[in-house]
Structures are given as structure tokens and as C-alpha cells.
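Those protein sequences? They're chains X, H and Z, same order as listed. Anchor point for the first sequence: position 262 equals 262 in this note's numbering, and the numbering is continuous, going up by one each time. Anchor point for the second sequence: position 297 equals 1297 in this note's numbering, and the numbering is continuous, going up by one each time. Anchor point for the third sequence: position 79 equals 2079 in this note's numbering, and the numbering is continuous, going up by one each time. Every residue gets a Cβ at the ideal spot worked out from N, C-alpha and C, and that includes glycine.
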Amino acid sequence: MSDDRLLEVRDLKVEFHTRDGVVKALNGVSYGVDAGETLAVLGESGSGKSVTAQAIMGILDMPPGRIAGGEILFQGQDLLTLGREERRRIRGPRMAMIFQDALSSLNPVLSVGWQLGEMFRVHRGASRQEAKARAVELMERVRIPAARQRVNDYPHEFSGGMRQRIMIAMALALEPDLIIADEPTTALDVTVQAQVMELLADLQREYRMGLILITHDLGVVADVADRIAVMYAGRIVENAPVKELYATPAHPYTQGLLDSIPRLDQKGSELYAIRGLPPNLLRIPDGCPFHPRCPRVRDVCRTELPPLYAVSPEVTTDPGAEADAAGADAAGSDAVGSDAVGPDAVSPDAAPLAGADVTEVPAVGERSSACHFWKETLDDVHRHSS
Amino acid sequence: MGRYVVRRLLQMIPVFIGATFLIFLMVFALGDPVTGLFGDRAPDAATAARLRAEFNLDKPVWQQYVLYMGNIFTGDFGTAFNGRPVTELLADALPISFRLMLVAIVFEIVVGIVLGVVTGLRRGRAADTSVLMATLVVIAIPTFVLGTTLQFFLGVQLGWINPAVSPAARFDELIVPGIILALVSLAYVTRLTRTSIVENARADYVRTAVAKGLPRRRVTVRHLLRNSLIPVVTYLGADIGTLMAGAIVTERIFNIQGVGYQLYEGILRQNSPTVVGFVTVLVLIFLIANLLVDLLYAVLDPRIRYA
Amino acid sequence: MPEPSRPDTPFEAQGAAVAEAVSSTPDPGKARSLSSDAWHDLRRNPIFVISALLILFLVVISIWPSLIATRDPLYCQLGRSLDGPAPGHWFGFDTQGCDVYTRTVYGARASIAVGVCATLGVALVGAVVGGLAGFFGGFWDALLSRTTDVFFAIPLVLGAIVFLSMIKLTGIWPVVLVIAALGWPQIARITRGAVITAKQNDYVQAARALGAGNSRLLLRHILPNAVAPVIVMATIMLGTFIALEATLSFLGVGLRPPTVSWGVDISAASDGMQFRNAPHILLYPAAALSLCVLAFIMMGDAVRDALDPKLR
């Protein structure tokens, strides 16, 4: 584990008690972020991206929510053991969150200057004027034009992009070590998305903050993220450095996500879509939760929950795999090979990180995949991508 | 803002004219102002005709109205049932009713909002359910039943209060009647505040406030309550009308010689100048109160355009 | 919308919430499923079941009081004035020596008749005025909305007292008439709001684009959306109108003896604290009245909650 590790979530489990039963939103999520690193958390709605973020921030609605297990280590300290007041003191000065819809996330009846200044007044005991001056500075930092004139304006008087800048400014106010951005650009116009993303990335570099970027938009991720964690049904299914994940996804779900991005160079061919719907969290399927939608499903997937396997780096540079990739037309032998590999015969490279209950989190540069057949998936990709 | 005020003032004029004309119609077209002057005795024909001419009753209704309003705006409200000018009666009665209303409104706002916030934050718990039931019971029992019963228990049985308020109507005498007057409105304020709090508690900006690391109290007061009070403020404007009408009942029960009491006397004695004069003033107060509430609303909610 | 419509009374606030909840359904098919959803919820809501049963009971005895009361409410024995409960007369006797139980049972008829008729009148006037204002907009909206404001500016109790004392008529119909004539502004405002919201729905715009006529738009698309909030509001108002009848009777301008109503009996009992030595003469009619009002308010509340998923 890196000394630089800022945040480490271990085997986090969250459930919601509703009228219809217990919704298992998180079923053992583990991921980590280093200082200055950007982790993108990817997944469909309902996969648990936001719930994880809210659990880290300590803003889950409890009840109906309940943390059923796990640890959230922030700078070495387990947040789940802290009291309410201690956690409150962490929010703002040490970690902050940017929400998706800035219009509804900003208080409509208070001026933006007041809302920005509130951070300094509450956490730093600043005076009214001091807070306002700092608010103007912040607004300038996030490049809002005519900040001094606009500081007393209300959220509805700003454009969508400007409002999101204000959200970013609010999160940055006390220069926290960690920022969680929950789909920060989803609600924005495409033209504004890039600007806001760029701003966020610049500021993150400047302050050397850890950034967790929650998104379902693969396009946003490629440019800014260092690592990607893909979530499905409240678990991490793949965790990899961004380039490797894009080049060689090691989980069929990730592969499906990547294939469903429209590509200019394949214009005319039909768009790929992952079949089926995300699982009902009240009744998560047995075995691998992705199996009903998985194109390479086998019997074992229906019964055995795959642990988070370490994807060893040698595999991706495996000469055999490369050979396969090179000889793309000679696919027959490989197909036969992967059919032969049963769950018990999972290749020796793929040692589960820590049995079925995964508590270890891959360090920088490491990869992991929660698929019994990650290796075949990888090989398959190698074959096709050349 | 200035233009908004002017626009609202201009909008008030037709409403004021319409409302007073309606009352005027009821009193002068449906009632008989002349016989009202004589009580139970029937006036002789000559006197009646002379009085009709004096009150412009021989002219068309709209003309009567114009003449009457002309008089009112020059300060001539006519003669009340007890022989004094209506203006004098009004001058005596208004401060008393004002004090009563003040007690009622303060009570209703303070207790109603506190109860609404407490129940809204504890939705579904025992405190919430019992307060909610209590508000329903208060709404269901007519004010005059509560009023007379409390008057009986507190005034006659326990002797804590004087069952009848003295003509001076000091603040301390008005506390119980004021609370009685406020009870139904209090129940509505509680329910409205609760609904508003429950709705806003799930709002994104409240989550943001928590994520900012603000203390719970600050989140509740500065963010949640501040926004939840907006519909309550609007309710209070309309409620002033309810309180004015309710004062007729309360003042009658406790013998408080305020506007409601005198107006009721005027109605019983069929004294048209008292009725029209008092109602005109009440409508005016109601409209002005609503204007103030609208302005307050605009201050509380910057999303309202002063267009 | 340049100026967001905003609630002016708790009624209207409730109504607006209902209007929003009901009209936020994107298409008529879903609206149907929303209402069946609401019905599903209601049947399981004990408050709704209790209040509905109570209302059913009250309506039945107001139509056939002799089902549970065999005596004549107007048969009084002055000699038993203010007597307490006795065998066969479990509620005791009032000032006139009439049987309180019988009078309480028979009182339901006048009170509920006033409540139901006044509510129908108010709903009709309010829905028509509000509906037309909301649907046509522009000049008609301005005219009808200002008219609504005029009636709104006269507090209901105040206007009713003035009107009833001037026409010098008492009885059920004058009371119903005055409530219907003065009490409709709230319904009108709710209807207007609901219609305007419904009008902005995409499917209504689509129907208009497809050439649906005004009457068809109103009847098939907009009305169903506006009906729910009006019904909820009217249910709650029905309760308050029953209480209003009692208040007017107390002030001497509503119903009068020999009409038998809860309001008449309560005001007779309250007048000059007649009840001081015989609390039962106030207790029973007041309890009956309050229970009835409570039943209607609770039912309205339950229906509104079922229709408004936001408040769950």
C-alpha cells in the first residue's frame, strides 16, 4: 500500500430499509485514492457510485440507510468510528463534495456570496466582510467573470456552467485534501462540460487534491482520470489505470460499456448496447450479479460470486496473448482454449486478492477484476483490438 | 421593487372597490337601512321618505355607492347605532382589536412554527403523530365551543381569568381570548410548516449544507427553516382575514369591545353606516396586510420577479 | 411563468401540492395508474378507512335517523329540563327537556345537508370560474382572477353574517346559498392553478397540435387532471362548512329552532353558559359535530397524501 494513500474504502456495505424490503446498495465496495490522484468511478445509475460517495462524506440519510460493514480509512483514520461532530469537522476543511445539479444543490434564497462565505464563517470563524472578500476571491479562482459585481446574486441568476463553477468554488473553499465530484458535468451543455471539467482538473493539479470523479460518461473520464473503478450492483467489478482499462478491459461489463461508446471510425455499424437492465437491488442475482446480462456467461457465474482477482501485469504483456493479438485471424485455437478453462482451472496468474471477502485494495498500477474469466476477456480484447 | 409595489397598489384598487361594493349591495339592496334606524317601531311614511332622500336611497345603487364612498373618503362614516359617529366608535374599537390580533398572531407564529419544525423533523414519531392529531382536533372543534368552555373553566370554575374583559382590554386580559382566536390558525400554521419542512428536508441544498460541514442547528435554521417559511408567510396574509372574522366570535364570547364586537352590534341593530364603515376598514386592512405579506414574500424568495 | 403561482392559504397550499402531484404525471395512462396506486394506498390507510366508515355512518343516519333513534326530537318535557342521563335517555335532557340523544342523531341531517350542499355549490362555482380563467387565460383570466380576489377579500364568516342578517331569512337554504356565493375563491384558485399546470403538459400540447378542439381538450385532457385537487380540497372544506354552520347559528344568523341541528343545540348550550350545570347538553352535540368535521378533514388529508407521492 502506498504511503501516499489518502482514502481507502474497504469492503463497504450499505443497505436501505424500505417498505418493500432491504435494498442492498453496496455489497462490499473497496477502492482507494492517493493524494493528487484522480479516481473515476464508473457505472450505471443504481450501481452505488453516489451511495459510496455519500457514505464517505457522511451524508447518507440514516435511516433509511445503514452502514452494514466495512471501513473508510481517510488519512489513516477510520471515519466510521468517529462521532457525528468529528465527522462534521472533516466535511469542508478536509473533504468536500460537488453535486450534479447545481441549481437545486445551491440554496435558492441565499446569495452565492453568502453561501460561499459560510464556509469561512463556520469553519474559520471569519467575519462577514472577510467571508465576502474570500467569496469573491474564490469566484475569481473558478473564473467567474465580474465576480465582485455578482457576489450578491442568487443561484438562479447564473447560467448552468457558472452555477457549477460556484459549486466547485464552494468545495475548494477550504482547500480540502479530497474532493468528490458526483457527475459534475452531467447536467451541463456539452460545450460547457469540457470547460468545467478542465477547470476541475486544473484546480485538482494545483492543490494536489485527491479527486473522486463519479460519472457514467466514459468520454469525460479518459482525459482527466488516473484510475478507473467500474461499479456494478454495489460492487467494484474492475479497477485499473485508465489507459490499461481502455485498451484492455478485464471484465465483460467494462467491455460492454466501452463498446457502447459511439465511434467515428465505425460510423454506419450498429451501436452496441449491453442487453438487459441493471439488477433490482432488492433481489440481486446469485453468483456474479452481472451474469444475466453477460455475453460470456458460464454455469459457474450463476452460482459463484467472483472475488476481486488481481490482474497481474505479466498477463497483459503475455507473449502468448500478444501472439494471439498479432494473429487475429488465427482465433480458433484460443477460443477452444478458453472454453476448456473451467472455474477450478482459472489460470495460476489470477490469484484472488484475498478470497471471496476482498479487503485488500489494489495499489497504484495494479489491476483487479471481479470476473471468473477475466483472462479470457483480456485475451479476447487483445485479439480484437489489433 | 418600487415598481412592483406600485403595481400591487394599483391592483388593489379594483379589488377594494369590488369588495366594498359587494358589501354595500348586501346592506343597502338586501337590507333596509331606514327601518334599521327605528328599531322595532315602524317609521311614519313622511319621515321614512325624508330619510331616504337624506341617505340618497332614492338614487340608483351605483350612485348611492359613489356618494357613500365619497363621504367615507372625506372622513364621514355616518352615525353609528349608539348615536356616536362611526369614526369615533372605530377609533375606540380598533386599538382593542389590534391588541387582540397581535396576541393571536404572535402566539400563532411562534407556537405554530416551533411545533411545525419539531414535528417535521420527527416525522412519523410519537411526538409528530400526537401533535398532528391535536391540530386536527383543534380544527374540528368550533372556536366558540372551545371559547365558551375555556371561559367557563378558567374564568368561572378556576377563577384564573376574568370571564369578561374590561372595556380597557389590557394585554394581560387578552391573552386567553387571543389564544382562543389563534388556535385554528395555529393548527394550520403547524401543519403547513410541517409539510414544508418535510418537503424541504429532502432538498438537494439541505444535503449540500450538510456536506459543507455546517452544524446541525445551522443547517436547520439557516437553510431548512428559512426556505420552509416562505409558504407559511403567504398563509399568514390570508389568515389575517380569518382572524378578523374570528374576532367577531371571540370578542362576543369575552365581551371585548373591539371591532368585531361593535360590528356585530351594528349588524344586529341593522345599522348600515356601522356595518359598511367597519367592513370597508376591515377590507382595507386585509388588503394592505396582504400587500405587506407579498412584499415580505418577495424579500424572502429572490426567485420572485418584480415584473 | 413570470411569477410562480403561490399558495395563499393552507387549503391552497394543499391544493397546489395535489395539483402538482396529479398533473406531474406525463400521460393519461400513467394518471390512471397513479389513481389506482392512490386507491391501493388508501385502502391500507387506517385513517382513511376509519374516516370513510364514519362518514358513511353519518350519512346513513342523516338520511334515516329513525334507524337508531326512536323518539321525536321535538318532543320535550320541560319538567325534565337539564336532567342528567336516565334509563332510555343515556345522553340526558337539554334546557327544554328534550332528549339529547335523539336530537344529536337528528341533528346530523341539517348539519350534513348544509355541508354537502354548500360544498357542491362552492365546488361548482369555483371550478367553473377557475377552470375558465386557467384555460382561456389573457383577458378572461385577468377578469375572473380579479373577481376571485374581490370575493377573497371578504372573509367568509364576515360576509355570511352581513348577508344573512340583511336578508333576515334563516334556515338551511340561505346558509347554503351564502356559503356557495362567498366561499368559492379558494376552489377557483386551485382549479386555475391545476388547469394551467395541466395545460402545459406535453400531451396536452400534443393534442392541441393534432387539432383537438377546446371543448375536447378541456373535457378529455385537462379536467381529469384538475378534478383530484378540487375533490381533496372540497372534502376538507366540507368539514369546515359544517363547523361554519354551527358558528353562524351561534351568532344567531344561521339555523334556528325548531330546526334540529348540532349548531343550534351547541349554541343553545353555550349561550349564557347553560352548560355550566349540565355539561352533557354541550358535550354530545359538540362531540358529534367535531367527529363529523374531523372525519371529513382526515379523509381529505388521507386522499391528498395518497395522491402526493412527494410527501411520503
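Residue-level contact by beta carbon holds for residue 2270(Z) and chain H, with a gap shorter than 9 Å. Rounded to the nearest whole angstrom, the CA to CA distance from residue 1261(H) to residue 1247(H) is 8 Å. The three-state secondary structure of residue 2214(Z), taken from DSSP, is helix. According to the DSSP assignment, residue 24(X) belongs to the beta strand (DSSP E) that extends over 21 to 34. When Cβ pairs closer than 8 Å are counted between the two stretches, the stretch 1005 to 1024 of chain H is seen to touch the stretch 2153 to 2162 of chain Z, the count reaching three or more. Contact note: residue 2162(Z) reaches chain H through 1023, 1026, 1027, 1267, 1275, 1279, using a C-beta cutoff of 8 Å and chain order. By the Cβ rule, the stretch 18 to 31 of chain X counts as touching the stretch 229 to 238 of chain X, because three or more pairs are nearer than 8 Å. Residue environment: residue 25(X) is assigned as buried (16 or more neighbouring CB atoms within 10 Å of its CB, all protein chains considered). C-alpha of residue 141(X) to C-alpha of residue 217(X): approximately 26 Å in a straight line. Secondary structure within the stretch 181 to 246 of chain X: the alpha helix (DSSP H) runs of 4 or more consecutive residues, fully enclosed, are 190 to 207, 218 to 224 (chain order). Residue 2040(Z) sits in a helix when the DSSP states are folded into three classes. Residue nearest to residue 1239(H) within the set 1005(H), 1071(H), 1109(H) is 1109(H) (criterion: CA-CA distance).
Between the stretch 139 to 156 of chain X and the stretch 175 to 193 of chain X, the count of C-beta pairs closer than 8 Å stays below three; the two stretches do not touch. The C-beta of residue 79(X) has 16 or more other C-beta atoms within 10 Å across all chains shown, which makes the residue buried. Distance from the Cα of residue 1293(H) is smallest, within the candidate group 1268(H), 1264(H), 1233(H), for 1233(H). Straight through space, the alpha carbons of residue 35(X) and residue 209(X) are spaced by roughly 6 Å. For the 9 Å CB-CB criterion, residue 2127(Z) and residue 2226(Z) form a contact.
Considering only 377(X), 49(X), 180(X), 104(X), the residue with the shortest C-alpha distance to residue 256(X) is 377(X). Here the alpha carbons of residue 2241(Z) and residue 2115(Z) stand approximately 5 Å from one another.
A Cβ-Cβ contact shorter than 9 Å links residue 2235(Z) with residue 2303(Z).
Rounded to the nearest angstrom, the gap between the Cα atoms of residue 1009(H) and residue 2138(Z) is 21 Å.
For a cut-off of 8 Å, the C-beta gap from residue 2268(Z) to residue 2051(Z) is around 28 Å, too long to register as a contact. Checking the DSSP bridge columns, you'll see residue 1294(H) has no partner listed. Residue 232(X) holds the alpha-carbon nearest to the alpha-carbon of residue 280(X) among 305(X), 312(X), 306(X), 232(X). Using a 10 angstroms sphere on the CB of residue 1081(H), the tally of other CB atoms reaches 16 or more, which defines it as buried. Under the 10 Å beta carbon count, residue 2062(Z) is surrounded by 16 or more other beta carbons and is classified as buried.
Residues of the stretch 48 to 60 of chain X whose Cβ lies closer than 7 Å to any Cβ of chain H, in chain order: 57, 59. With fewer than three CB-CB distances shorter than 8 Å, the stretch 124 to 144 of chain X does not count as touching the stretch 62 to 70 of chain X. The beta carbon of residue 17(X) does not come within 9 Å of any beta carbon belonging to chain H, so the residue lies off that interface. Secondary structure within the stretch 2136 to 2200 of chain Z: the alpha helix (DSSP H) runs of 4 or more consecutive residues, fully enclosed, are 2138 to 2152, 2156 to 2167, 2172 to 2182, 2185 to 2200 (chain order). Inclusion of residue 1149(H) and residue 1183(H) in the CB contact set at 9 Å is not warranted, their separation being larger than that value.
For residue 219(X) against residue 189(X), the beta-carbon gap comes to about 14 Å, at or over 8 Å, which does not count as contact.
At least 9 Å separates the CB of residue 41(X) from every CB of chain H.
Every alpha helix (DSSP H) stretch that sits fully inside the stretch 1229 to 1285 of chain H and reaches 4 residues is listed by chain position as 1259 to 1268. At least one CB atom of chain X sits nearer than 9 Å to the CB of residue 1218(H). With respect to chain H, the C-beta atom of residue 45(X) has no partner C-beta closer than 9 Å.
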